[in-house]
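Engineer: One structure is given below, represented as structure tokens, and several questions about it will come after.
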Amino acid sequence: MRGNAKSNNFLVFMVLLGGICGSFLGEVLGNSFEALSFLKNTYRIGTSNPFILNLKVVELTFGVNFYVNIMAIIGVILAILLYRKY
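Numbering (my numbering), first residue to last: 867 to 952.
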């Protein structure tokens, strides 16, 4: 059971790393080459207004936003494929 949880944590790490590296690569390629400028276009997925919980002593703000581009999606797919292979 413990090995399976460690494996799932590593998968989450690989997916996050693939998304970050892919997004970075998309920005670099999009800024370097005019023909690849579409790679740096990002799309926002998430909440437009965060949920605010005011308890008079503490105010908590909850919100999640993902900024996705084409290379980030490719990076995530490659990370999953690498995880499954190794």
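C-beta: ideal position from N, C-alpha, C; glycine also.
On the criterion of 16 or more Cβ atoms from any shown chain inside 10 Å, does Gly-929 qualify as buried, or is it exposed?
Structural biologist: exposed
Engineer: What's the C-alpha gap between Lys-922 and Cys-887?
Structural biologist: 41 Å
Engineer: Does DSSP put Leu-921 in a helix, a strand or coil?
Structural biologist: coil
Engineer: Give the straight-line distance between the Cα atoms of Tyr-933 and Ile-918, rounded to the nearest whole angstrom.
Structural biologist: About 22 Å.
Engineer: Select from Leu-905, Tyr-909, Ser-903 and Asn-931 the residue whose C-alpha is nearest the C-alpha of Pro-954.
Structural biologist: Within the shown structure, residues of the chain are numbered from 867 to 952, placing residue 954 beyond reach of any answer.
Engineer: Between Lys-906 and Asn-875, how many whole angstroms is the CB-CB distance? I'm expecting something under 8 Å.
Structural biologist: Not confirmed; about 31 Å, so no contact.
Engineer: In three-state DSSP terms, what is Gly-929?
Structural biologist: Coil at Gly-929, not helix or strand.
Engineer: Could you check if Val-942 is buried or exposed, using at least 16 other CB atoms within 10 Å of its CB as the buried criterion?
Structural biologist: buried
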